[in-house]
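Chains as they are written, first to last, in numbering that gives the first Met the number 0: chain A, 0 to 431; chain B, 0 to 370. Backbone N, C-alpha and C define an ideal beta-carbon position, used for all residues, glycine too.
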Amino acid sequence: MASAFYTINTIQPGHRTANKTFNNPNSPFLGSSRKLRLVPFSNTIQSAASVRRQSTIVAVSSSDVVKKKKTNSSFSHSDLLITREEGLELFEDMVLGRGFEDMCAQMYYRGKMFGFVHLYNGQEAVSTGFIKLLTKEDSVVSTYRDHVHALSKGVPARQVMSELFGKTTGCCRGQGGSMHMFSKEFNVLGGFAFIGEGIPVATGAAFTSKYRREVLKEADSDHVTLAFFGDGTCNNGQFFECLNMAALWKLPIVFVVENNLWAIGMSHLRATSDPEIWKKGPAFGMPGVHVDGMDVLKVREVAKEAIGRARRGEGPTLIECETYRFRGHSLADPDELRDPVEKSHYATRDPITALKKYMFEHNLAKEDEFKAIEKKIEEMMEDAVEFADASPLPPRPQLLENVFADPKGFGIGPDGRYRCEDPKFTQGTAHV
Amino acid sequence: MLGILGKRVARGGIYASTIRSQSFLFASKNYSSTAKEMTVRDALNSALDEEMSADPKVFVMGEEVGEYQGAYKISKGLLEKYGPDRVVDTPITEAGFTGIGVGAAYHGLKPVIEFMTFNFSMQAIDHIINSAAKSNYMSAGQISVPIVFRGPNGAAAGVGAQHSHCYAAWYSSCPGLKVLAPYSSEDARGLLKAAIRDPDPVVFLENELLYGESFPVSAEVLDSSFCLPIGKAKIEREGKDVTITAFSKMVGFSLQAAEILAKEGISAEVINLRSIRPLDRSTINASVRKTNRLVTVEEGFPQHGVGAEICASVVEDSFEYLDAPVERITGSDVPTPYAANLERMAFPQIEDIVRAAKRACHRSVPMAAVA
Chain A
0 MASAFYTINT IQPGHRTANK TFNNPNSPFL GSSRKLRLVP FSNTIQSAAS
50 VRRQSTIVAV SSSDVVKKKK TNSSFSHSDL LITREEGLEL FEDMVLGRGF
100 EDMCAQMYYR GKMFGFVHLY NGQEAVSTGF IKLLTKEDSV VSTYRDHVHA
150 LSKGVPARQV MSELFGKTTG CCRGQGGSMH MFSKEFNVLG GFAFIGEGIP
200 VATGAAFTSK YRREVLKEAD SDHVTLAFFG DGTCNNGQFF ECLNMAALWK
250 LPIVFVVENN LWAIGMSHLR ATSDPEIWKK GPAFGMPGVH VDGMDVLKVR
300 EVAKEAIGRA RRGEGPTLIE CETYRFRGHS LADPDELRDP VEKSHYATRD
350 PITALKKYMF EHNLAKEDEF KAIEKKIEEM MEDAVEFADA SPLPPRPQLL
400 ENVFADPKGF GIGPDGRYRC EDPKFTQGTA HV
Chain B
0 MLGILGKRVA RGGIYASTIR SQSFLFASKN YSSTAKEMTV RDALNSALDE
50 EMSADPKVFV MGEEVGEYQG AYKISKGLLE KYGPDRVVDT PITEAGFTGI
100 GVGAAYHGLK PVIEFMTFNF SMQAIDHIIN SAAKSNYMSA GQISVPIVFR
150 GPNGAAAGVG AQHSHCYAAW YSSCPGLKVL APYSSEDARG LLKAAIRDPD
200 PVVFLENELL YGESFPVSAE VLDSSFCLPI GKAKIEREGK DVTITAFSKM
250 VGFSLQAAEI LAKEGISAEV INLRSIRPLD RSTINASVRK TNRLVTVEEG
300 FPQHGVGAEI CASVVEDSFE YLDAPVERIT GSDVPTPYAA NLERMAFPQI
350 EDIVRAAKRA CHRSVPMAAV A
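Dropping the structure here:
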């Protein structure tokens, strides 16, 4: 499977000949082997652009992919990237993400949700493409834009909605909020407000997977961690520190950059000396992959490869998904700096419509099936809101709970004795 | 300063206020010939060794902890015993490896993260506070973080402003963290073992100058299941006239100050805080209610320091019992100077503690037959 990575924009460490696979139209792999020009949206960008900047570009759209497929000889189902069931699953997950975020916006403007809310509209392909390939034991670490990651991983929509409403039935009992979604059951390790904060934590989760296998001798410990973060984070020191250590110790982690080109109002091109983030992977000794984040099928292909690599113990991968958020940075962001032309361009590349179109054209599903799924999700959202509305607010005593895992914070366990006086520690065999 | 020395000479005893005097005073104590002595360094090393041996989930991570045997030789011998998977040498990436430790703790491992000094923890403080201390609360108890952050804290000798900061006040203001500050070998062993077994994030503030100091240890302390409870202070020396609270190196200074005060008829009670968060308010208040006077001693900066918290706590709980304003002895409100004499002036010395105790007692001449 190593060959799949070679056909796309990757530079393996030590190989400087990636360019020859660059424009290969016959490559079976549907990663970004072709370029799409960014619509120039500001004079300042062009005047400040170096030659390199012209090459920072997004990948092929799915309609190009479909056309390419059609030019090949007549295809059978084995040429398809997904089966019918998988396709419907991906569709449902993306519609769930989109529907949930739209409902959040509604609820926010009605005053039911408050504080910081960061919505994921437009980026669903990345979350669905990656997380639907994981098992329950694999971990996901995200940023403040984490509702859809939690939903894709399996946290029930009801729990996420109540958490956003600040009710006690939320996944974190209302104590975390929009930016801090944790779920031990589904291994969602947060939800971090500081950008770059989740990356070392994800690296630590991957470290645990390796430690369990090698030191604690749990042979079946092969769980993989995905770290999701944005383009702005890729300029932060912690990102580089973790790329180094993950590659050094060959940790089972996949670093997923959701490059939506904007960090609040700061354009990626204005903030980054070399905007091609995937190139930073090989500098640390891991493959760097560039993929079109608006196409769930392409994302899924790349993800399969990277997760497989990590699970086999071959080390980390850095994957840059070029994507776009249709809404502002948060619900409080007036979103004035982004060019409407750019926004409408990306709106035509909506991942949900793209997947639907693909499935129609390959006769994988019919219109009424999609409608049924959309209706089901709508009802699920109504139900989630009703549930959250009806749930109680956290009671007063909950304020002081959960500060420490040990109930009183004095090292006293639930049995009332000092936790440190654990009898099973008398079997130490150490000699001073 | 000179005035006090002058008075001392008149009274016929001069105690040199240098570190060397500490060992002189210790040598003057009597202990039985069978009591074992252990340095703080060995105490910490043996505690780490025993905990790593008892629980395979415990691992040590930090700069120079492996092949270099520890920057201050605290983790000496551990690499040979447990291998590089459990004694992990890291690149110079505090934020990165602290975060890795936190992530590993989320999944149930028990990391012991060493900072070469706690000054470097400032590069990682986002992870100590935001991803370790607050996680149990933010996740409503789903994810606990059984991690220990340890390393030398506070001033050493002549290391300059950026290496001499005391972080006790910083970390103990944050809910979700436990902050421990051992003094003797017994404290070091017991508290480190308790910290490693604790399911919550613990900041373990050691002191570089104490590493080489020897303290007597009983057989109970040497047992591999010995631990000290978190949140309980120790009364190192009983007294009736004034309460002196201190932690870490200042406990030693306070004990010597108490000796001096005793010769002048003031009986000082010295409390070794051991645990800065949670603070043992009940012991402190009980002691103040007995003696009616309080002197807090710490090496850190005065504003918003540990002493400020203790004073506020005592004023809130035991106001009627106070016979004098509370006295705070802290480090000077300046970044630590390098010159040796300036540095000595920048940190509390034994005579400062003695003076403050006397101020609290409103006396500068000894009373007869009070002890």
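Where residue i and residue j are concerned, what is the direct C-alpha to C-alpha distance, given to the nearest angstrom?
i: V101/B; j: T232/A; result: 19 Å
i: A400/B; j: D125/B; result: In the structure as shown, chain B begins at 0 and stops at 370. Residue 400/B is therefore absent and cannot be evaluated.
i: K111/A; j: L163/A; result: 9 Å
i: S220/A; j: E213/A; result: 9 Å
i: P347/B; j: N235/A; result: 40 Å
i: E123/A; j: G96/A; result: 6 Å
i: E258/B; j: F191/A; result: 52 Å
i: E275/A; j: A205/A; result: 25 Å
i: T295/B; j: P199/A; result: 39 Å
i: I411/A; j: A194/B; result: 12 Å
i: A70/B; j: E62/B; result: 8 Å
i: S183/B; j: E308/B; result: 24 Å
i: C241/A; j: R83/A; result: 38 Å
i: K357/B; j: V241/B; result: 9 Å
i: L78/B; j: R288/B; result: 49 Å
i: V147/B; j: F203/B; result: 7 Å
i: N29/B; j: V201/B; result: The predicted model places N29/B with a pLDDT of 47, which falls under 50 and marks its position as unreliable; any figure quoted below should be read in that light. Taking the straight line joining both Cα atoms gives about 35 Å.
i: L260/B; j: V353/B; result: 7 Å
i: G362/A; j: K374/A; result: The question names Gly, but residue 362/A in the sequence shown is Asn. Cα-Cα distance, rounded: 21 Å.
i: E360/A; j: R324/A; result: 26 Å
Among all the DSSP beta bridges, which residues are the ones paired with residue i?
i: A226/A; result: V140/A, F254/A
i: G61/B; result: D88/B, E113/B
i: V201/B; result: V147/B, K177/B
i: N271/B; result: K233/B, A245/B
i: V295/A; result: For V295/A, which the question treats as bridged, DSSP gives no partner whatsoever.
i: P333/A; result: Answer is none; P333/A lacks a bridge partner.
i: F181/A; result: L188/A
i: L268/A; result: According to DSSP, L268/A bridges with nothing at all.
Is the beta carbon of residue i less than 8 Å from the beta carbon of residue j?
i: F193/A; j: K135/A; result: no
i: K133/B; j: R276/B; result: no
i: L317/A; j: G280/A; result: yes
i: P251/A; j: G307/A; result: no
i: D199/B; j: F403/A; result: yes
i: R299/A; j: G128/A; result: yes
i: V87/B; j: F58/B; result: yes
i: K102/A; j: D145/A; result: The sequence given here places Met at residue 102/A; Lys does not occur at that position. Not in contact: M102/A and D145/A (Cβ atoms no closer than 8 Å).
i: L98/A; j: M293/A; result: One point to set straight first is that residue 98/A is Gly, not Leu, in the sequence displayed. No.
i: V223/A; j: D338/A; result: no
i: V147/A; j: Y119/A; result: yes
i: G491/A; j: T142/A; result: With chain A represented from 0 up to 431, any question about residue 491/A goes unanswered, as that position is not in the structure.
Classify residue i as helix, strand or coil using the three-state DSSP reduction.
i: P339/A; result: helix
i: M249/B; result: helix
i: M285/A; result: coil
i: A139/B; result: coil
i: A433/B; result: Lying before the first or after the last residue shown, residue 433/B is absent from chain B, which here runs from 0 to 370.
i: C171/A; result: coil
i: T17/B; result: With a pLDDT of 41 at T17/B, under the threshold of 50, the predicted position of this residue should be treated as unreliable, though the coordinate-derived value follows. In the structure shown, T17/B sits in coil (DSSP, three-state: anything other than H, G, I, E or B).
i: S45/B; result: helix
i: F214/B; result: strand
i: D421/A; result: coil
i: E263/B; result: coil
How would you list, in chain order, the residues of chain E whose beta-carbon sits under 7 Å from the beta-carbon of residue i?
i: A193/B; result: Of the chains in the structure shown, none is chain E; the protein chains are A and B.
Item to check | Where the region 98-113 of chain B meets chain A: residues whose CB sits under 9 Å from a CB there | outcome: Per Cβ criterion, the list reads G98, I99, G100, V101, G102, A103, A104, Y105, H106, G107, L108, P110.
Next on the checklist: So if I threshold CB-CB distances at 7 Å, which residues from the region 218-237 of chain B count as touching chain A?
Outcome noted: Closer than 7 Å at the C-beta level to chain A, one finds these residues of the region 218-237 of chain B: S223, S224, C226, P228, I229, G230.
Next on the checklist: By the 7 Å beta-carbon criterion, what residues does the region 202-224 of chain A contribute toward chain B?
Outcome noted: Answer set for the region 202-224 of chain A: T202, G203, A204, F206, T207, Y210, E213, V214, L215.
Checklist entry - According to a CB-to-CB cut-off of less than 7 Å, which residues of the region 70-84 of chain B neighbour chain A? => result Taking 7 Å as the upper bound on Cβ-Cβ separation, chain A lies near residues D84 of the region 70-84 of chain B.
Checklist entry - If you measure beta-carbon to beta-carbon, which residues of the region 168-179 of chain B are closer than 8 Å to chain A? => result Identification of residues in the region 168-179 of chain B having a C-beta nearer than 8 Å to some C-beta of chain A yields P174, G175, K177, given in sequence order.
Item to check | chain B contacts from the region 181-194 of chain A (Cβ-Cβ distance under 9 Å) | outcome: Answer set for the region 181-194 of chain A: F181, S182, K183, E184, N186, L188, G189, G190, F191, A192, F193.
Checklist entry - Taking a cut of 9 Å between CB atoms, which residues from the region 360-371 of chain A lie near chain B? => result So nothing in the stretch comes that close.
Checklist entry - Of all the residues that make up the region 194-205 of chain B, which are near chain A by a beta-carbon distance shorter than 7 Å? => result Residues of the region 194-205 of chain B that bring their beta carbon within less than 7 Å of a beta carbon in chain A comprise R196, D197, P198, D199, in sequence order.
Checklist entry - Which residues, taken in chain order from the region 117-146 of chain B, show a beta carbon closer than 7 Å to some beta carbon of chain A? => result Residues passing the 7 Å Cβ filter: D125, H126, N129, S130, N135, Y136, M137, S138, A139, G140, Q141, I142, S143.
Checklist entry - What residues in the region 149-169 of chain A have a beta carbon less than 7 Å from any beta carbon of chain B? => result Here the close residues number zero.
Next on the checklist: Output needed in chain order: residues of the region 392-416 of chain A with a Cβ under 7 Å from some Cβ in chain B.
Outcome noted: Residues passing the 7 Å Cβ filter: N401, V402, F403, A404, D405, G408, F409, G410.
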